[in-house]
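A.B. asks: Sharing a structure, written as structure tokens. Questions coming.
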Amino acid sequence: MGAKFSFLAGYRYDTRIPEWRGGSIHRIAVSTPMASGHLHPELEINLVLSGRAVYLLGDRRYELRRNSLVWLFPEQDHMMIEASADYSMWLGLFRPELIAQACRSAEGAVLTQANPEGYFCRQLAEDAARSLEGVFAGVAGAADDRDRYYTGLGWALLSAWSAHRAAEDTAPDTELHPSVDKAVRLIRSNEAPESLEDLAREAHLSLSRLSRLFREQTGLSLIEFRNRQRLERFARIYGKGGGHSILEAALDAGFGSYPQFHRVFTEHMGCGPAEYRRRLRKQPHG
Numbered sequence: 007m008g009a010k011f012s013f014l015a016g017y018r019y020d021t022r023i024p025e026w027r028g029g030s031i032h033r034i035a036v037s038t039p040m041a042s043g044h045l046h047p048e049l050e051i052n053l054v055l056s057g058r059a060v061y062l063l064g065d066r067r068y069e070l071r072r073n074s075l076v077w078l079f080p081e082q083d084h085m086m087i088e089a090s091a092d093y094s095m096w097l098g099l100f101r102p103e104l105i106a107q108a109c110r111s112a113e114g115a116v117l118t119q120a121n122p123e124g125y126f127c128r129q130l131a132e133d134a135a136r137s138l139e140g141v142f143a144g145v146a147g148a149a150d151d152r153d154r155y156y157t158g159l160g161w162a163l164l165s166a167w168s169a170h171r172a173a174e175d176t177a178p179d180t181e182l183h184p185s186v187d188k189a190v191r192l193i194r195s196n197e198a199p200e201s202l203e204d205l206a207r208e209a210h211l212s213l214s215r216l217s218r219l220f221r222e223q224t225g226l227s228l229i230e231f232r233n234r235q236r237l238e239r240f241a242r243i244y245g246k247g248g249g250h251s252i253l254e255a256a257l258d259a260g261f262g263s264y265p266q267f268h269r270v271f272t273e274h275m276g277c278g279p280a281e282y283r284r285r286l287r288k289q290p291h292g
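In the working numbering, the protein residues as written are 7 to 292.
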């Protein structure tokens, strides 16, 4: 089945950025994809260093590889549904106030928008990508110097935008079929019917047609995608185990029974719920 799914590791980063910083920039390795989409008030950019990943961005599907540069705006719900074991990237987050100060010309005005029209994924040339990587590394190295870091974030943002504008445009690999997009949204909202036949009916396709299209366009089966969403909900509800029992959290997350939850959990996590709880309790609090 490939790498085990985890909502404890992988594509997770702390968006609690002190206001004086204006944003953050750091290099991360992504061991597992996100199970659910997310929004945050910062503009996000990813510069891929190695490996490949697949994003769902609204009703579009992007495949990223080395030297891909993608921009994720504050009102664009995005989700990484696939990542290779060697996937790594530079990740930048930029607060609206820093963007407003840095982008004073018409060329950069689009960066102040929350959800601009168009495609914002480009494939950089090798020399352009290495140059931008050097800028990012230099800014990240100044994280303990408030003035240099804040000013450097603006320079990194403008350098990335300049590289983007100079690169070849990259159209999305796939515009999601409207029925696939509806199925994704229903499952993520936890409003999808339990029966896949009923889900297909709400998406206005036969189950066989929806199942085939869904796998072709997302790389996941309907059941796999639904199970990942439910596991992510379980993780959010259960937290560190202080307020809900495992059974309560599993049922609230959408699982029909504890045996169903246990089977899916163990299959994806590589351990049972009890072992997961023990690992959580060993983690430092803070």
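For glycine and all other residues, C-beta sits at the position ideal for the given N, C-alpha and C.
Please read all numbers here as calculations on a predicted model, not as lab measurements.
1) Shortest alpha-carbon distance to Tyr-93 belongs to which of Arg-67, Val-36, Leu-75?
2) Helix, strand or coil: which one does DSSP assign to Glu-238?
3) Can Arg-101 and Gly-28 be called in contact, C-beta distance under 8 Å?
4) Do the CB positions of Arg-242 and Glu-174 come within less than 8 Å of each other?
5) Taking buried to mean at least 16 other C-beta atoms within 10 Å of its own C-beta, is Ser-74 buried or exposed?
6) Tell me Met-95's beta-bridge partners as DSSP assigns them.
7) Can you tell me which residues form a DSSP beta bridge with Val-60?
8) Could you pull the start and end residues of the beta strand (DSSP E) that Leu-78 belongs to?
9) Do Leu-163 and Ala-108 have their CB atoms nearer than 8 Å?
10) I'd like to check one pair, Glu-81 with Ala-115: are the Cβ atoms closer than 8 Å?
11) At a cut of 8 Å, does the segment 180 to 190 reach the segment 127 to 142 through at least three beta carbon pairs?
12) Roughly how many angstroms lie between the CA atoms of Gly-278 and Asn-233, to the nearest whole one?
13) Which residue from Ser-30, His-183, Leu-78, Ala-198 puts its Cα closest to that of Asp-151?
14) Buried or exposed for Gln-266, please, with buried defined as at least 16 other CB atoms from any protein chain shown within 10 angstroms of its CB.
15) Please classify Phe-100: does DSSP put it in a helix, a strand, or coil?
C.D. replies: To lay it out plainly:
1) Nearest to Tyr-93 by alpha-carbon distance, out of Arg-67, Val-36, Leu-75, is Val-36.
2) Three-state result, Glu-238: helix.
3) Taking 8 Å as the cut-off, the beta carbon of Arg-101 is found closer than this to the beta carbon of Gly-28.
4) No, they are not a contact pair.
5) By the Cβ-count criterion, Ser-74 is buried, with 16 or more other Cβ atoms from all chains shown falling within 10 Å of its own Cβ.
6) DSSP output for Met-95 lists Ile-34, Val-54 as bridge partner(s).
7) Bridge partners of Val-60: Glu-69, Glu-88.
8) Here the beta strand (DSSP E) through Leu-78 covers 74 to 78.
9) Going by C-beta atoms, Leu-163 is nearer than 8 Å to Ala-108.
10) Their beta carbons are not under 8 Å apart, which means Ala-115 does not touch Glu-81 by this criterion.
11) As far as the Cβ criterion goes, the segment 180 to 190 does not touch the segment 127 to 142, which means the pair count is below three.
12) A straight line joining the alpha-carbon of Gly-278 with that of Asn-233 spans about 15 Å.
13) With distances taken between CA atoms, Asp-151 lies nearest to Ser-30 out of Ser-30, His-183, Leu-78, Ala-198.
14) Exposed, by the Cβ-count rule.
15) In this structure, DSSP gives Phe-100 an extended state, which the three-state scheme calls strand.
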